[in-house]
Each structure stands twice: as structure tokens, then as C-alpha cells.
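Residue numbers (this note's numbering), protein chains in the order written: chain A, 2 to 231; chain B, 2 to 231.
Let me begin by presenting the structure, written as C-alpha cells, before commenting on it.
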DNA sequence: ATCCAATCTACATTTCGATGACAATTTCAA
DNA sequence: TTGAAATTGTCATCGAAATGTAGATTGGAT
């Protein structure tokens, strides 16, 4: 199930999309203006944003880059009647996963979405509550429960790193990938920064004597989160 | 390095693309007609096809579906001046990874290619889990299972060498090639270094009494990994 | 002014990976 | 057949580089 934000001022298209995507079983909200979109973006933390470029009160490109500054973990898809090369390039540079020119068949959008979801498995929304042994995770609440039954609050970054590792569990995630996905391609936190978050996360999962979840370092690669089933 | 086939009748665009992609270090051939494309497709087995739809002697869509019938392991990208919904849907249904409408900036193609290459590392990717007899390999996890059922962690170099040999199984891989691919052209580890990694890998695969996987040394050449099916 | 997340700095610790000595094996010429 | 030369196998060892960790510092929000 995806958490989708549609930003589209055309009544017709907007409602069709909303209805259709809901029909597929996704959580889906529809903003008709930039300001409304901003509110819903903050409130819902969508992992997929369908963005029109021509909006009444702002420009979809600008709006999208504001969103990107806040969070990196959502797929961005532009829908626009503009078919000029510059706009398309700009859109892709913001980090859009795709740019669909109107007019398009609903079917096209779906096919493109399917393709994205197939490759980008990591955008799948996780269940509200995740349980492994005594350990519990609530990503949306920024909370975990440790081996002693204590609820621990996670900061945004801690949570983002845990989520990244969790979605790719059993696979070594390179340091660079962590940095790129959490901080962005252009930011370079100092070397020890990532490790510090790992320390905190380890303190949490090592509180479980059965080690239902482990975070190992793969030297000269990065980190690997392992889930141990009984 | 990718093996690319460009199918495009416009001289200008075709040569620009070919030149550019070669500049990036890819192997790249350019067909100006459908018949030529068919020949080159069979000859080269490309893993990326850039296909124009309006061709002199055939239709790009038809041609692409013929290609797809033969092989599925290539990425397909359409470049076309046609912007009508039906064509686009048809293209995506054939399994196109993307459909770029002309006019487009070279930059757009590059950005879209980059995105595809980032997510679809699947060109080279081996299966998540590889099984031969009791032996198992998980390259992305940096782990193997030996003949006694023990999970053994592999270091980055051990894993890289195993992967190299595995991909070329049954073929002798020269020492120099191993060194070049793993260490880089400019580094020269002493002769015994490679052997040491082979020792570790042999300890692993010789734990299987059936010798499902063997690593033999080919004197004065290098090493050969053999897979023995029953 | 105060809090807390985020980041950085400095230092401790771990371990990977390279090396070289030596043993074992194969090759090939005499 | 034999033995020297070349190649490969194995082991213990060491240093550098990667990682672990505890605090200090920053900077924004309330």
C-alpha cells in the first residue's frame, strides 16, 4: 500500500486519479493548490507524489524541490502539459522519477507506476507496527520498543537510517548509499556521523538477548541489518 | 560497460547518441533501419536498446516486440516524436523502460539513462541466493554456507574474488585479470596475496564432500572455478 | 534561556589484507 | 629418470585503515 499525494488543480484529472489509486488500495490525498499540498505533505509524509507543474498559486517544480529538501524518501512524478526539453530536464534534476506529458492515458500512468514500484521496492510502505521477538518498531511514530519493554523515541535521522536498513534487510547497504539516501548527494557529513547513529540503534536492538535484529558492519562496505527468525 | 544498440534513422541524432554513449565508455552500435537493427541485435546481444518508432522499413514497436520474443534481458527505451497516449501505452506494454518524446535535450536522455542504470543494476546482478549442492552463496550479504551448514562471513575482497570467478565459472581467469579487476590497474599486490584468498575460498567449498564447486589453479595462468552438476 | 537533535572531534579498538619465509608441487630439460 | 627451476600452497605476523565510542559543539525550535 502506498501513501500518495496528488497535486493537481484540474478537477477532472485529480478526482479520476484519486479514485483510481484508492481503488488499487492505496492511501491517497488530493491537493488542489500549492499551499494545500504543503500542508498535506507535512501531515501525511507520502512516499509517492504526483505533481502537476502549472498550479494556481505556485510552480510545481519549486514546490517539489521544497519537499525534497525536507525529505528524500519519496518518489516524485511530474504530470504536465509542458513538453519543452528544459522543463523536463529541470524536473529530472530535482530528482523526479519520471515526467509524464499530458495528454496521457490513465493506463500509461499505471504502467509507469508499476515499473517504478517493481524496481524501487524500498518505497513500499511498511506496516504500522513491526514485531521481531520482543522488539517492536513504529516508523511513523518514531518509536521503538526494546528488549526490556521500554519505549524509546527515535530522532528523524535515526528512524530514517533504521528504515533504510530495515527495508534492505540481509543486504549490505554501502555507506555511500546511506549518506546519499539520508543526507543527499551533495552533503558530506563527517565520517563518524553514520557510526554514531548505528551505535544508538545497536543499543536498542542488542537489548534483546535473542538478537532478533542485528546490525553488523561489513568492513569497507557499510552496514547490514539481519533479521533472525526462530 | 553497457552493450548498446541504437535504432534511429535520423543521421544527426543517431551519430550524436553513438558518439556520446561511446564517450561514456559503452560499447555502442547504430542501426539506421529495421533490417540492420535485426542483424545487429542478433550479432551483439545488446543489454540496452534505444529505439526510434518511425523507421523507414518498419515500425519500432513491432521490431521491439520481435526482439523481446527472442530475449528478455535487455532494457528498452523508445525515442519518438509521437506523443499520442495509445502509442505510449503500447510501448510500455511491450516492456519499455521508458518512452522519451522528441524533442528532448540530450541531457534528458542522459538523466533518464542514469536513473535506469542506478535502479536496474540488474544487468549484471546475480540471483539473491545461489545454491550448488549444500553450498550457498549470498553475494549481497557477504555470506556463504559451507558443507556443514555453517554460515561464513566473507570480507569484501573475498567476496569480490568469488564473484569474479563465479561469473566466469568453468573459464580460467588469469591472475592479472583478477588483480586488475579487484585491485585496479595501478596496484600490484605481491604474488602470494591472491593465493591467500583462494585458500580461504577453498576451505569453504572443499567442505562439501561432493565438490559442487571447485577452485582449481591453472598453472602459469590463474584460477578456474568449476561448478559440478549432478 | 533552554532543550534536543544533529554533527563533529578525538581517541580507542578491531580486523582486514598484504607480506615474506618456507613447504609442496609441477614442469621440463638433460 | 632425475633434479633444478618455476609456480603454487600455507602460515604467522604486522601495520594501516576502518570502525566503535564518549563527549563536546553547533544550531534551530520553543
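C-beta: ideal position from N, C-alpha, C; glycine also.
In this text, all values refer to a predicted model and were calculated from it rather than measured experimentally.
Tell me whether the beta-carbon of residue 202 of chain B lies closer than 8 Å to the beta-carbon of residue 159 of chain B. In the second chain, counting from the first residue as 1, residue 202 of chain B sits at position 201. In the second chain, counting from the first residue as 1, residue 159 of chain B sits at position 158. Contact: yes.
Look up residue 226 of chain B in the DSSP assignment and give the residues it is bridged to. Locating residue 226 of chain B in the second chain gives position 225, counting from the first residue. Partner(s): B:216.
Tell me residue 57 of chain A's beta-bridge partners as DSSP assigns them. Here the question's residue 57 of chain A lines up with position 56 in the first chain. None; residue 57 of chain A has no bridge partner.
Please list the terminal residues of the continuous alpha helix (DSSP H) segment that includes residue 103 of chain A. Here residue 103 of chain A refers to the residue found at position 102 when the first chain is read from its first residue. Where residue 103 of chain A is concerned, there is no enclosing alpha helix (DSSP H), given that its DSSP letter is neither H nor E.
If you count every other CB in all the chains shown that lies within 10 Å of the CB of residue 116 of chain B, and 16 or more means buried, which is it? Position 115 of the second chain, counted from the first residue, corresponds to residue 116 of chain B. Residue 116 of chain B is buried by the Cβ-count criterion.
Could you spell out the range, first to last residue, of the alpha helix (DSSP H) harbouring residue 92 of chain B? Here residue 92 of chain B refers to the residue found at position 91 when the second chain is read from its first residue. Taken as a continuous stretch (DSSP letters only), the alpha helix (DSSP H) holding residue 92 of chain B covers 86-95.
Taking the alpha helix (DSSP H) that residue 42 of chain B falls in, what are its first and last residues? Stepping through the second chain from its first residue, residue 42 of chain B is reached at position 41. Unbroken alpha helix (DSSP H) run through residue 42 of chain B: 35-45.
Tell me, please, whether the CB atom of residue 157 of chain B is closer than 8 Å to any CB atom in chain A? Locating residue 157 of chain B in the second chain gives position 156, where the first residue counts as 1. So yes, residue 157 of chain B belongs to the interface.
In terms of residues, what are the limits of the beta strand (DSSP E) holding residue 195 of chain A? The residue you call residue 195 of chain A lines up with position 194 of the first chain. Residue 195 of chain A -> not in any beta strand (DSSP E); alpha helix (DSSP H) instead, spanning 192-206.
Under a three-way DSSP split, which group does residue 51 of chain B fall into? As a first step, residue 51 of chain B is located in the second chain; it is residue number 50 there, counting from the start. In this structure, residue 51 of chain B counts as strand in the three-state DSSP scheme.
Anyone know if the C-beta pair for residue 105 of chain B and residue 86 of chain A falls short of 8 Å? One-based indexing of the second chain puts residue 105 of chain B at position 104. One-based indexing of the first chain puts residue 86 of chain A at position 85. Yes, the pair counts as a contact, with Cβ atoms nearer than the cut-off.
8 Å Cβ cut-off: residues of chain B touching residue 105 of chain A: Start at 1 with the first residue of the first chain, and residue 105 of chain A comes out as number 104. Correct list: 86, 89.
Taking DSSP's pairing of strands, which residues face residue 144 of chain A in a bridge? Residue mapping note: residue 144 of chain A aligns to position 143 of the first chain, counting from 1. A:139, A:154, per the DSSP bridge assignment.
Let's test the definition: count the other Cβ atoms within 10 Å of the Cβ of residue 88 of chain A and tell me whether it reaches 16, buried, or not, exposed. Residue mapping note: residue 88 of chain A aligns to position 87 of the first chain, counting from 1. It is buried - the Cβ of residue 88 of chain A has at least 16 other Cβ atoms within 10 Å.
Exposed unless 16 or more other CB atoms sit within 10 angstroms - verdict on residue 52 of chain A: Walking along the first chain from the start, residue 52 of chain A turns up at place 51. Classification for residue 52 of chain A: buried.
Give the straight-line distance between the Cα atoms of residue 171 of chain A and residue 130 of chain A, rounded to the nearest whole angstrom. Stepping through the first chain from its first residue, residue 171 of chain A is reached at position 170. Stepping through the first chain from its first residue, residue 130 of chain A is reached at position 129. Approximately 20 Å, taken between the alpha carbons.
State yes or no: is the beta carbon of residue 108 of chain A nearer than 8 Å to at least one beta carbon in chain B? Counted from its first residue, the first chain places residue 108 of chain A at position 107. At least one chain B Cβ lies under 8 Å of residue 108 of chain A.
Rounded to whole angstroms, what's the CA-CA distance from residue 187 of chain B to residue 161 of chain B? Just pull it up for me. Within the second chain, residue 187 of chain B is the residue found at index 186, counting from 1. Within the second chain, residue 161 of chain B is the residue found at index 160, counting from 1. Roughly 18 Å between the two C-alpha positions.
Here's the rule I'm using: 16 or more other beta-carbon atoms within 10 Å means buried, otherwise exposed. How should residue 146 of chain A be labelled? Position 145 of the first chain holds residue 146 of chain A. Buried, because 16 or more other Cβ atoms sit within 10 Å of the Cβ of residue 146 of chain A.
Return the Cβ separation of residue 219 of chain A and residue 143 of chain B in integer angstroms, given the expectation that the two are a contact with Cβ distance under 8 Å. Working through the first chain from its first residue, we reach residue 219 of chain A at position 218. Working through the second chain from its first residue, we reach residue 143 of chain B at position 142. Contact flag correct, Cβ pair sits at about 5 Å.
With distance defined between alpha-carbon atoms, name the residue in A:77, A:36, A:96, A:227 nearest to residue 173 of chain A. As a working note, residue 173 of chain A is residue 172 in the first chain. When each option's Cα is compared against that of residue 173 of chain A, the closest is A:227.
Would residue 113 of chain B count as contacting chain A if we go by Cβ distances under 8 Å? Mapped onto the second chain, residue 113 of chain B falls at position 112. It does; some Cβ of chain A falls within 8 Å.
Residue interval of the alpha helix (DSSP H) (run including residue 182 of chain B): Position 181 of the second chain holds residue 182 of chain B. The continuous alpha helix (DSSP H) containing residue 182 of chain B extends over residues 176-184.
Residue 79 of chain A by DSSP, collapsed to three states: which one? Here the question's residue 79 of chain A lines up with position 78 in the first chain. Correct three-state label for residue 79 of chain A: strand.
For residue 93 of chain B, which residues in chain A fall below 7 Å Cβ to Cβ? As a position in the second chain, residue 93 of chain B is number 92, starting the count at 1. 109, 112, 113, listed in chain order.
For a contact meaning CB atoms closer than 9 Å, what does residue 142 of chain B contact in chain A? Taking the first residue of the second chain as position 1, residue 142 of chain B is located at position 141. What residue 142 of chain B touches in chain A: 171, 172, 173, 219, 225, 227.
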